[in-house]
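Student: Which chain is which? The protein sequence lines are A and B, in order.
The first sequence begins at 1 in our numbering and counts up one residue at a time.
The second sequence begins at 1001 in our numbering and counts up one residue at a time.
Note that the Cβ used here is the ideal one computed from N, Cα and C, for glycine as well.
Predicted model only: the values in this text are computed from it and were never measured.
Sharing a structure with you now.
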Amino acid sequence: MTHQGEVLLAVNGLKTYFNTDDGVVKSVDGVTFHINKGETLAVVGESGSGKSVTSLSVMRLIPMPPGKIVEGEVLFTGKDGKQKNLVTLPEAEMRKIRGNDISMIFQEPMTSLNPVYTVGDQIAEAVMLHQNKNKKDAMVVATDMLRFVGIPAPEKRVNEYPHQLSGGMRQRVMIAMALSCKPALLIADEPTTALDVTIQAQILDLMRKLQSEVGMSILFITHNLGVVAEMADRVVVMYGGRVVEEGDVVEIFKAPRHPYTMGLLNSIPRPGEYVHVPGQPKGRLEAIPGNVPNPLNLPVGCAFEPRCKFAVPDCSKAVPALEDTGQGHMARCIRWREFDQAQHEVSA
Amino acid sequence: MIPFLLRRLVQSIPTLLLASLLIFFVIQLAPGDFLTPAKLNPNISSEQLAALERNFGLDRPAWQQYLLWMGNMFKGDFGLSFQYQQPVLDIIWPRILNSLYLAVMSLVLFYSIAIPLGVYGAVRQNSPGDNAINVVLYFLLGFPSFFLALIVIYFILQLRNATGLDIPIGGMTSNNFDELPVFGQMLDVLKHLIIPALVLAISDAAGLTRVIRGQMLEVMRSDYVRTARAKGVSERTAIWKHTFRNAILPIVAGIGGLLPALISGVGFLEVVFAYPGITPMLLTAIGTQDLYLIAGFTVITTVLLIVGNVISDILLAVVDPRVKVA
Ligand SMILES: Nc1ncnc2c1ncn2[C@@H]1O[C@H](COP(=O)(O)OP(=O)(O)O)[C@@H](O)[C@H]1O
Ligand code: SF4
Ligand SMILES: [Mg+2]
Chain A
1 MTHQGEVLLA VNGLKTYFNT DDGVVKSVDG VTFHINKGET LAVVGESGSG
51 KSVTSLSVMR LIPMPPGKIV EGEVLFTGKD GKQKNLVTLP EAEMRKIRGN
101 DISMIFQEPM TSLNPVYTVG DQIAEAVMLH QNKNKKDAMV VATDMLRFVG
151 IPAPEKRVNE YPHQLSGGMR QRVMIAMALS CKPALLIADE PTTALDVTIQ
201 AQILDLMRKL QSEVGMSILF ITHNLGVVAE MADRVVVMYG GRVVEEGDVV
251 EIFKAPRHPY TMGLLNSIPR PGEYVHVPGQ PKGRLEAIPG NVPNPLNLPV
301 GCAFEPRCKF AVPDCSKAVP ALEDTGQGHM ARCIRWREFD QAQHEVSA
Chain B
1001 MIPFLLRRLV QSIPTLLLAS LLIFFVIQLA PGDFLTPAKL NPNISSEQLA
1051 ALERNFGLDR PAWQQYLLWM GNMFKGDFGL SFQYQQPVLD IIWPRILNSL
1101 YLAVMSLVLF YSIAIPLGVY GAVRQNSPGD NAINVVLYFL LGFPSFFLAL
1151 IVIYFILQLR NATGLDIPIG GMTSNNFDEL PVFGQMLDVL KHLIIPALVL
1201 AISDAAGLTR VIRGQMLEVM RSDYVRTARA KGVSERTAIW KHTFRNAILP
1251 IVAGIGGLLP ALISGVGFLE VVFAYPGITP MLLTAIGTQD LYLIAGFTVI
1301 TTVLLIVGNV ISDILLAVVD PRVKVA
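Here is the structure:
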């Protein structure tokens, strides 16, 4: 499925800041990554590391003010084959991309659908906007999409309101809505975090199945590395608004080069098993002692330094560079050379 | 829908009974009665007085008067006004209609002031326009409406003197009303309604504008509005179809609770603007202890309040699919 090397989305040096009463919050501070056509890229990191702000910046849905994309570019090749910089695209052009070329599903299926319109109406709205269809035809598409995402009795459900559906069903509706215009990129911001474990697994299965049918790329945001193993080809690890490690999923699971990634990996039982551990809390990232840094007041050097057990005095001098460790694997740590697989297992 | 209406009808019976009982006996408790002035008049003989008492049923105990009145009311007979010597309904109904015109007109103005201002304030939060509106609203919130009415009357009088324009500030019709064609008559009434209705609307709109602005700001931050934007909807669709439609839900739910304040607000303006609504008549009736007129008015107002509440419940069910009306 992967068209190797054909870049769909390239985020370069993105900086998104918020002006608050307490000062400038540097939520995303120079993030670079890309997504190839047909692949799934996971973005992982603890809550507050800037994942949502990154994805909303791509969609240009950051509330402005207080937010502002202060630097960087987002190069995207739409269904029309033309490459555009979404940061500078006029708003009217951007609206044609949202929901059509790039669509998005969110963490909270319970609140992400408008309570006063039927789910059919809400899917049809996207179809009418982007596919030049009248209401009647759009409702037919909506029904088809509900069937496509595995909702039973779609002819009946299409006329129901969100409150009549369960959380899992609503997330399926969100997926139906997101895929109704056959986007090139689906951004899924923690789509299963709010769901219980069995429903989580169903939604992930559905997303994988639909991806193979539609052939879109997925930007999959999660704070759970276990899910990454199941879903993604490549992974970007974010910490304090910056990318700290990036690479192939297999490679990163086998030989992480950043202590933060090691901590994340150690906090899951074993890749792939996360769904089969009942009674365990969903986020297992608490295993790393300490908290994410205050984005108002990031350390001068490595943002992970206060929590890092490998920290040395040099770590707090300057922000370490994101360095290539070989085979497209990148890490932002001055000691990455010292971490081979053995050391990770022995000392972490 | 029909079962809902029936249930509301049954539910309203105790309310009505209680209201009628209360008002009837409160009036009875007051010292003297309608005939007190007659009794003090030396020209009226005691035989005449007794005859009057019998005619009005005032010689019977209060509970008998009440039961009689209730029984008649179910037949649509609200009793006789002592003062006007006419059936109560005939006298008060046209007056109540006049009051309703004023109430509806001021409601319409009330919402057409508060909604655009509230939405604008939210969409352009902290803009100079929003700030200016907030200052004016803040000022209006602490401003007693009788004072506003007086100021308005004063300025219109000044305007009339200065420009010679015929801006009506009292009554409901012009002197030449009877000579006007039907359409002209409607326009004439409208002209008389607009100033008092506007005064009432403006003095109340400040609160609602703030509520709408706050609601809009809250819904604008909601997940489903973000979903709508992620779909690629226009700014206008995001604001009106997705935000406003949800922001007004608590306001629609509150319409029923607004009615009593509306009635008293209208009553007040009727007095200030010499408008032929029900309130001036009612005040006289209270002064003269015109028992059946007061009681009849109270019952009709209670019925209207119940109807208003039912309408607002139905409205809420229409705008919010989560609310069931059955
Ligand atoms: N509207 C906003 N105003 C101020 N700060 C914000 C806003 N949105 C996000 N942030 C800040 O940006 C940082 C990253 O947030 P977010 O991207 O939501 O994290 P994640 O999705 O990784 O959990 C947080 O510190 C958050 O407080
Ligand atoms: S740079 Fe230093 S503090 Fe930061 S992750 Fe590497 S070892 Fe730890
Ligand atoms: Mg998030």
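#1: Could you check how far apart the C-beta atoms of B:S1081 and B:L1293 are, in whole angstroms? I think they sit under 8 Å.
#2: Go ahead and label A:L336 buried or exposed: buried means 16 or more other beta carbons lie within 10 angstroms of its beta carbon, across all protein chains shown.
#3: Any chance the region 83-102 of chain A sits against the region 32-52 of chain A, with 3 or more Cβ pairs inside 8 Å?
#4: Alpha carbons only, please: which of A:Q107, A:V249, A:R60 is nearest the one belonging to A:G167?
#5: For A:Q107, is the beta carbon positioned less than 8 Å from some heavy atom of ligand 3?
#6: Based on Cα-Cα distance, which residue from B:V1026, B:A1253, B:F1074 lies nearest to B:A1317?
#7: Considering only their Cβ atoms, is the gap separating A:P63 from A:N114 smaller than 9 Å?
#8: Expressed to the nearest angstrom, what Euclidean distance is found between the alpha-carbon atoms of A:F253 and B:R1245?
#9: Who are the neighbours of A:T111 on chain B, taking C-beta pairs under 7 Å?
#10: Shorter than 9 Å from the beta carbon of A:T193 to some beta carbon of chain B?
#11: With a CB to CB cut of under 6 Å and the five nearest residues on each side skipped, what residues in its chain are close to B:F1024?
#12: Can you determine whether any heavy atom of ligand 3 sits closer than 8 Å to the C-beta of A:I123, and answer yes or no?
#13: Of the choices A:M330, A:N85, A:G67, A:V43, whose alpha-carbon is the least far from that of A:N12?
#14: Is DSSP giving B:V1359 helix, strand or coil here?
#15: For the alpha helix (DSSP H) containing A:Q131, name the first residue and the last one.
#16: So, is A:E246 buried or exposed, given that buried needs 16 or more other C-beta atoms within 10 angstroms?
#17: Applying the criterion that 16 or more other CB atoms from any shown protein chain within 10 Å of the CB defines a buried residue, is B:Q1289 buried or exposed?
#18: Does DSSP put A:N98 in a helix, in a strand, or in coil?
#19: Does the CB of B:G1121 have a neighbour CB from chain A at under 9 Å?
#20: Is there a C-beta anywhere in chain A that falls below 9 Å from the one on B:L1190?
#21: Mark B:I1151 as exposed unless 16 or more other C-beta atoms lie within 10 angstroms of its C-beta, in which case mark it buried.
#22: Smallest Cα separation from A:S267: which of A:G301, A:M231, A:H223?
#23: Any C-beta of chain B sitting closer than 9 Å to the C-beta of A:Q280?
#24: Ignore the nearest five residues each way along the sequence and tell me which others in A:G23's own chain have a CB closer than 6 Å to its CB.
#25: At what residues does the alpha helix (DSSP H) containing A:Y161 begin and finish?
#26: Using a Cβ-Cβ cut-off of 7 Å (strictly less than) and excluding sequence neighbours within five positions of B:R1210, which residues of its own chain qualify?
#27: Within 9 Å of any Cβ in chain A, is that where the Cβ of B:K1231 sits?
#28: Please list the residues of the region 1229-1254 of chain B that have a C-beta atom closer than 7 Å to any C-beta atom in chain A, keeping them in chain order.
#29: If we cut at 9 Å on Cβ distances, does A:R95 have a partner in chain B?
#30: According to the Cβ coordinates, are A:A124 and A:M139 closer than 9 Å?
#31: Taking only runs of the beta strand (DSSP E) that begin and end inside the region 227-253 of chain A, which ones reach a length of at least 3 residues, in chain order?
#32: If you follow the beta strand (DSSP E) that A:H329 is part of, which residue opens it and which one closes it?
#33: Looking at the structure shown, is B:D1290 part of a helix, part of a strand, or coil, going by DSSP?
#34: Is any heavy atom in ligand 1 found nearer than 8 Å to the beta carbon of B:I1092?
#35: Quick check: is any heavy atom of ligand 3 less than 8 Å from the C-beta of A:E353?
#36: List, from N- to C-terminal side, the alpha helix (DSSP H) runs of 4 residues or more that fit wholly inside the region 1056-1130 of chain B.
Tutor: On the basis of the supplied data:
#1: Against the second sequence, residue 1081 of chain B aligns to sequence position 81. Against the second sequence, residue 1293 of chain B aligns to sequence position 293. With 8 Å as the limit, B:S1081 and B:L1293 qualify as a contact, their Cβ atoms being about 4 Å apart.
#2: Counting from one through the first sequence, the residue named residue 336 of chain A turns up at place 336. Sequence inspection shows Trp at residue 336 of chain A; the Leu mentioned does not correspond to that position. It is buried - the Cβ of A:W336 has at least 16 other Cβ atoms within 10 Å.
#3: Counting Cβ pairs under 8 Å, fewer than three are found: no touch.
#4: Locating residue 167 of chain A in the first sequence gives position 167, where the first residue counts as 1. For the residues A:Q107, A:V249, A:R60, the minimum Cα distance to A:G167 belongs to A:Q107.
#5: As a first step, residue 107 of chain A must be located in the first sequence, where it is residue number 107. Flag set: Cβ of A:Q107 near ligand 3.
#6: Along the second sequence, read from residue 1 onward, the residue named residue 1317 of chain B stands at position 317. With distances taken between Cα atoms, B:A1317 lies closest to B:A1253.
#7: Here residue 114 of chain A corresponds to residue number 114 of the first sequence, with the count starting at 1. Here residue 63 of chain A corresponds to residue number 63 of the first sequence, with the count starting at 1. Not closer than 9 Å, so no.
#8: Stepping through the first sequence from its first residue, residue 253 of chain A is reached at position 253. Stepping through the second sequence from its first residue, residue 1245 of chain B is reached at position 245. Cα to Cα, the separation comes out at about 48 Å.
#9: As a working note, residue 111 of chain A is residue 111 in the first sequence. Residues of chain B passing the Cβ test: S1222, D1223, Y1224.
#10: Numbered from 1 along the first sequence, position 193 holds the residue referred to as residue 193 of chain A. Closer than 9 Å: no.
#11: For the purposes of this step, residue 1024 of chain B is taken as residue 24 along the second sequence, with counting starting at 1. Closer than 6 Å at the Cβ level, and outside the excluded window around B:F1024, lie Y1066, A1295.
#12: For the purposes of this step, residue 123 of chain A is taken as residue 123 along the first sequence, with counting starting at 1. Using a cutoff of 8 Å, the CB of A:I123 does not count as near ligand 3, since none of the ligand's heavy atoms is closer than that.
#13: As a working note, residue 12 of chain A is residue 12 in the first sequence. The option with the nearest alpha carbon to A:N12 is A:N85.
#14: Any question about residue 1359 of chain B goes unanswered here, given that chain B covers just 1001 to 1326.
#15: For the purposes of this step, residue 131 of chain A is taken as residue 131 along the first sequence, with counting starting at 1. Here the alpha helix (DSSP H) through A:Q131 covers 119-131.
#16: In the first sequence, counting from the first residue as 1, residue 246 of chain A sits at position 246. Buried.
#17: Here residue 1289 of chain B is taken as the residue at index 289 of the second sequence, counted from 1. Answer is buried; the Cβ neighbour count reaches 16.
#18: Counting from 1 along the first sequence, the entry for residue 98 of chain A is found at position 98. Here the sequence assigns Arg to residue 98 of chain A, which means Asn is not the residue at that position. If DSSP states are grouped into helix, strand and coil, A:R98 belongs with the strands.
#19: In the second sequence, counting from the first residue as 1, residue 1121 of chain B sits at position 121. With respect to chain A, the C-beta atom of B:G1121 has no partner C-beta closer than 9 Å.
#20: Here residue 1190 of chain B is taken as the residue at index 190 of the second sequence, counted from 1. By this cut-off, B:L1190 is not an interface position.
#21: Working through the second sequence from its first residue, we reach residue 1151 of chain B at position 151. It is exposed - the Cβ of B:I1151 has fewer than 16 other Cβ atoms within 10 Å.
#22: Counting from 1 along the first sequence, the entry for residue 267 of chain A is found at position 267. Here the closest residue by C-alpha is A:H223.
#23: Reading the first sequence from its first residue, position 280 is the one you call residue 280 of chain A. With a pLDDT of 45 at A:Q280, under the threshold of 50, the predicted position of this residue should be treated as unreliable, and no value is reported.
#24: Counting from one through the first sequence, the residue named residue 23 of chain A turns up at place 23. L296, listed in sequence order.
#25: Residue 161 of chain A sits at position 161 when you count from the first residue of the first sequence. Here A:Y161 belongs to no alpha helix (DSSP H), and DSSP marks it neither H nor E.
#26: The sequence position of residue 1210 of chain B within the second sequence is 210, counting from 1. These residues qualify, in order along the chain: L1137.
#27: Locating residue 1231 of chain B in the second sequence gives position 231, counting from the first residue. Yes, B:K1231 counts as interfacial toward chain A.
#28: R1229, A1230, K1231, G1232, V1233, S1234, H1242, R1245, N1246
#29: For the purposes of this step, residue 95 of chain A is taken as the residue at position 95 of the first sequence. Interface residue, yes.
#30: Position 124 of the first sequence, counting from 1, holds the residue named residue 124 of chain A. Position 139 of the first sequence, counting from 1, holds the residue named residue 139 of chain A. Yes, they are a contact pair.
#31: 234-239, 242-248
#32: Taking the first sequence and counting its residues from 1, one reaches residue 329 of chain A at position 329. Element bounds for A:H329: 329-331.
#33: By 1-based counting over the second sequence, the position of residue 1290 of chain B is 290. Three-state DSSP puts B:D1290 in coil, outside helix and strand.
#34: For the purposes of this step, residue 1092 of chain B is taken as the residue at position 92 of the second sequence. Because no heavy atom of ligand 1 lies under 8 Å away, the Cβ of B:I1092 does not count as near it: no.
#35: This structure cannot settle anything about residue 353 of chain A, because the visible part of chain A is limited to 1 through 348.
#36: Restricted to the region 1056-1130 of chain B, the alpha helix (DSSP H) segments that are unbroken, complete and at least 4 residues in length are 1062-1074, 1088-1123, listed in chain order.
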